[in-house]
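Here our numbering is used: position 4 in the sequence shown is 9, and no number is missing along the way.
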Amino acid sequence: MKERRTEIKVIMNGKKENAKLSLISTAKRECFLRISITDIYQGEFSGLDFFACFAKLRKELKDVIFLCKGAKINVYPSGMARDMALGMAAYEHTLGKEATREDLVGTFDFEDKDVAVSPDEQRKCFHQWVESVRKTR
């Protein structure tokens, strides 16, 4: 079992709070995200990778704004990023432009622009990006 800890900022009830994350992966490639937001909320989410765990968290806490790249509308991991980095890295996509290494960002790196979106909106944006890249080929 491997555990990493990090902190991100969130906006909850109109107030900026610190959220402590424990990111746990097992030898069987199971991923668990534990979160503690001050004394307000604690939870645990499991998934195939940490991006999937984070999406489940965001679906449960719909009214919380997560100030990190993984919550940004145009950030989504490739299959390789999900497999090799367990969803800890993702691409920041630009419509009509293929993603490059320079577009790779950390899922939990700070971001405060275009982050108040649902995981479903994010996935929809990803599919729009895929179509936009296909049209340029």
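For each residue, glycine too, the CB sits at the ideal point set by N, CA and C. Bear in mind that the values here come from a model prediction, so they are computed numbers and not experimental data.
Taking the DSSP output, what are the residues bridged to residue i?
i, result
"THR99", "LYS102"
"GLN133", "GLN133 pairs with nothing; no bridge assigned."
"GLU49", "ARG39"
Please identify the residue among the options whose C-alpha is closest to the C-alpha of residue i.
i, options, result
"GLY92", "THR141, SER51 and GLU12", "SER51"
"GLN47", "THR31, LEU26, ALA60 and THR105", "LEU26"
"ASP125", "ARG139, VAL80, ILE42 and GLU8", "VAL80"
"HIS98", "GLU136, PHE55 and ASP44", "GLU136"
Please classify residue i: is it buried, with 16 or more other beta-carbons within 10 angstroms of its beta-carbon, or exposed?
i, result
"ALA94", "buried"
"PHE113", "buried"
"PHE115", "exposed"
"GLY75", "buried"
"LEU28", "buried"
"LEU62", "buried"
Within the continuous beta strand (DSSP E) that includes residue i, where are the two ends?
i, result
"MET17", "7 to 17"
"VAL110", "109 to 111"
**OP:** Kindly provide the ranges of any alpha helix (DSSP H) runs that are 4 or more residues long and lie completely inside the region 13 to 47, ordered along the chain.
**Re:** Within the region 13 to 47, no complete alpha helix (DSSP H) run reaches 4 residues.
### Message
So within the region 62 to 86, which uninterrupted beta strand (DSSP E) runs reach at least 3 residues, ignoring any that extend past its ends?
### Response
Listed in chain order, the complete beta strand (DSSP E) runs (minimum 3 residues) inside the region 62 to 86 are 70 to 72.
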